[in-house]
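Contents: one structure, followed by commentary.
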Amino acid sequence: MSEHTPTHEQVAISLDDRSYDIHIGQSLLSRQGAWAGLPKAQTAMIVTNDTIAPLYEAALRSAITPHYKQIHTVVLPDGEAHKDWQTLNLIFDALLAKGCDRKTVLFALGGGVIGDMTGFAAASYMRGVPFVQVPTTLLSQVDSSVGGKTAINHPLGKNMIGAFYQPVRVVCDLNTLQTLPPRELSAGLAEVIKYGPIADMAFLDWIEANIGALMAQDPKALAHAVKRSCEIKAWVVGQDEREAGLRAILNFGHTFGHAIEAGLGFGVWLHGEAVGCGMVMAAELSHRLGKVDAAFVARLKALIASAGLPMRGPVIDAADNAGHYIEHMRLDKKAIGGDIQFVVIDGPGQAVVCSAPDALVRDVINACCA
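If you count the sequence shown from 1, position 204 lands on 204 in the working numbering, and the numbers rise without skipping.
Pasting the structure below:
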């Protein structure tokens with residue numbers, strides 16, 4: 001490979017017969033090596049949204065044309081507000097209208113919402129068809145496209161209806177990040193930052209040293225951030241595919257974050273914005289539980305602020321804000337018998353899942369909200 005040839009790296013997800021590779025590099029949409037060896041079928045269907053379709057649908061279609069006789073596309077409305085039954089059904093409508101069989105391969109071209117819904121559709125259609133993740137946002141490249149969590153939202157809770165269903169491949173074309181709006185870039189950085197406190201303090205050091213380059217969308221910095229994030233997630237998912245234990249640490253900041261999303265209405269804050277603010281709350285809870293010192297909390301808050309993420313939680317109910325947060329958190333998937341489970345930092349680079357007294361949680365919410 002010459003020094004002018006863009007890199008093409010792979011990270012393996014090891015799950016026995018459900019193992020697959022994550023391909024990471026520039027210009028992968030147009031590189032045949034990224035698409036070789038996928039399941040054979042007569043038909044493929046690209047699932048995308050009305051923002052991404054004009055940008056990348058033609059390139060993906062061109063790349064997979066040698067492999068499939070028929071390629072259909074279904075274009076969904078963009079945004080978290082559409083991650084619901086009604087929009088999911090548009091995928092099933094298209095699959096049935098085109099007479100797609102159980103060998104049909106679905107391609108999820110877009111961010112986390114498209115990936116989650118396409119994966120859920122693939123898990124459900126004819127009791128399971130293969131699908132490929134082609135994430136086009138930083139958040140989906142470093143988190144939601146990897147590990148086989150698929151779902152839609154319910155008005156009462158985020159990702160409450162879904163399935164564990166692994167893709168057959170993930171293709172992260174870093175060039176697609178060039179069209180990412182600044183707000184979406186910041187949202188993705190929340191999921192990158194998350195990996196440091198829970199698993200790799202050296203990575204946290206690197207993120208701090210390179211946050212300017214990441215915010216400026218430097219290709220080398222983004223490539224390293226995506227690769228290292230995927231390596232950490234692959235390591236965790238390889239040990240605990242269905243979140244029986246260890247995998248729950250990947251939800252650092254998410255219990256508070258999901259309450260923000262559900263409380264405000266899905267789509268008002270981006271998922272990464274809610275997670276960034278949720279990490280501030282979770283770090284504060286970790287400190288009040290005596291697990292980390294104030295300096296660690298201040299360090300994490302400074303980095304989250306540098307990434308352009310919100311630092312103060314929204315008021316979702318003026319009369320009893322903390323009460324409403326707690327109400328939403330009791331509906332979180334990790335809650336056990338109505339007992340809320342929080343991911344807290346148990347010393348830098350380590351995370352644990354635990355419960356906490358409601359009074360303490362209320363104090364944290366009140367201290368961290370606008």
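By construction, the Cβ of each residue, glycine as well, lies at the ideal position given by its N, Cα and C atoms.
- Rounded to the nearest whole angstrom, the CA to CA distance from V113 to L174 is 18 Å.
- Secondary structure of M215 (DSSP, three-state): helix.
- In the DSSP assignment, L360 falls within the alpha helix (DSSP H) that extends over D358 to C368.
- In this structure the segment 38-55 lies against the segment 68-79, because at least three pairs of beta carbons, one per stretch, are closer than 8 Å.
- The three-state secondary structure of A59, taken from DSSP, is helix.
- The alpha carbon of I161 has as its nearest neighbour, out of K83, E284 and R169, the alpha carbon of K83.
- Under the three-state reduction of DSSP, D143 is assigned to helix.
- One Cα belongs to D200, the other to Q350, and the distance between them is close to 8 Å.
- In this structure S19 is exposed. Its beta-carbon is surrounded by fewer than 16 other beta-carbon atoms within 10 angstroms.
- Residue pairing by DSSP places Q133 opposite A108 and V170 in a beta bridge.
- Taken atom to atom, the span from the alpha-carbon of V352 to that of Y325 is near 21 Å.
- One thing to note: A121 has its Cβ no nearer than 7 Å to the Cβ of G115.
- Here D205 carries a helix assignment [DSSP, helix/strand/coil].
- Within the DSSP bridge table, the entry for I152 names I161 as partners.
- Restricting attention to A59, G338, I207 and D358, the CA atom closest to the CA of G323 is found in D358.
- Spanning the alpha carbons of L289 and V343 requires a straight line of approximately 12 Å.
- Taking L222 as reference, the option from K98, I193 and A151 with the minimal CA-CA separation is I193.
- Cβ-Cβ distances below 6 Å link L270 to A187 in the same chain, with the five nearest sequence neighbours on each side left out; the list follows chain order.
- Judged by DSSP secondary structure, G25 falls within the beta strand (DSSP E) whose first and last residues are Y20 to G25.
- Between E261 and K158, the gap from beta carbon to beta carbon is short of 7 Å.
- Nearest to R183 by alpha-carbon distance, out of L139, S27 and G99, is L139.
- The three-state reading of DSSP puts I345 in strand, counting E and B together.
- For the 7 Å CB-CB criterion, A282 and G313 do not form a contact.
- For N49, the enclosing beta strand (DSSP E) stretches over residues T43 to N49.
- Closest in C-alpha terms to A259, from the list A244, I316, K301 and I232, comes I316.
- Across the set G33, D16, I52 and K233, the C-alpha of I52 shows the shortest separation from the C-alpha of P181.
- For E9, the secondary structure class from DSSP, reduced to helix, strand or coil, is strand.
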